[in-house]
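So that you can map any letter, position 104 of the sequence shown is 104 in our numbering, and since no number is skipped, the others follow by simple counting. These notes concern the structure reproduced below.
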Amino acid sequence: MNLVDMDPITLADFVVDDEHFVIDPPLRCEVEYDEDSGCYGLRGDLELDLYAYSKSELAEVLEETLQDWWLVYVLSGEDDLSESGKEKRRRIIERIKPESKSDIS
């Protein structure tokens, strides 16, 4: 019988287009495993709810999701966002900062 690694995944930083971002406090996500599907699930702050077939893939999907969110919610601006998108943008900016400490408007 294989043991399933259910330890949380913690992410303190990530990179988008060669720019380093710091998550403060680090993002801590709970990991679940569904035996029937053989699929790992992740739930965390910022309304994260992700799935993958291995824990390492789950960690990659988490980082890719945060990269995508930065590009979609922060860099593209607020004009085309719904009210819930604007709220998500605000929460992302509060929690994630470019290492250079430059301001995001």
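Just so you know, even glycine gets a beta-carbon here, dropped at the ideal spot from N, CA and C.
| Asked | Found |
| --- | --- |
| Close-in-space but distant-in-sequence residues of the same chain around residue 51 (CB under 6 angstroms, 5 per side omitted) | 39, 41 |
| For residue 14 and residue 99, believed in contact at Cβ under 8 angstroms, the rounded distance | At roughly 11 angstroms, the Cβ-Cβ gap does not stay under 8 angstroms, so residue 99 and residue 14 are not in contact. |
| Nearest to residue 28 (by Cα), restricted to the options 12, 61, 35 | 12 |
| C-beta contact flag for residue 4 and residue 33 at 8 angstroms | yes |
| C-alpha gap between residue 67 and residue 6, whole angstroms | 24 angstroms |
| Residue 74 vs residue 91 beta-carbon contact at 8 angstroms | no |
| Distance, residue 36 Cα to residue 25 Cα | 34 angstroms |
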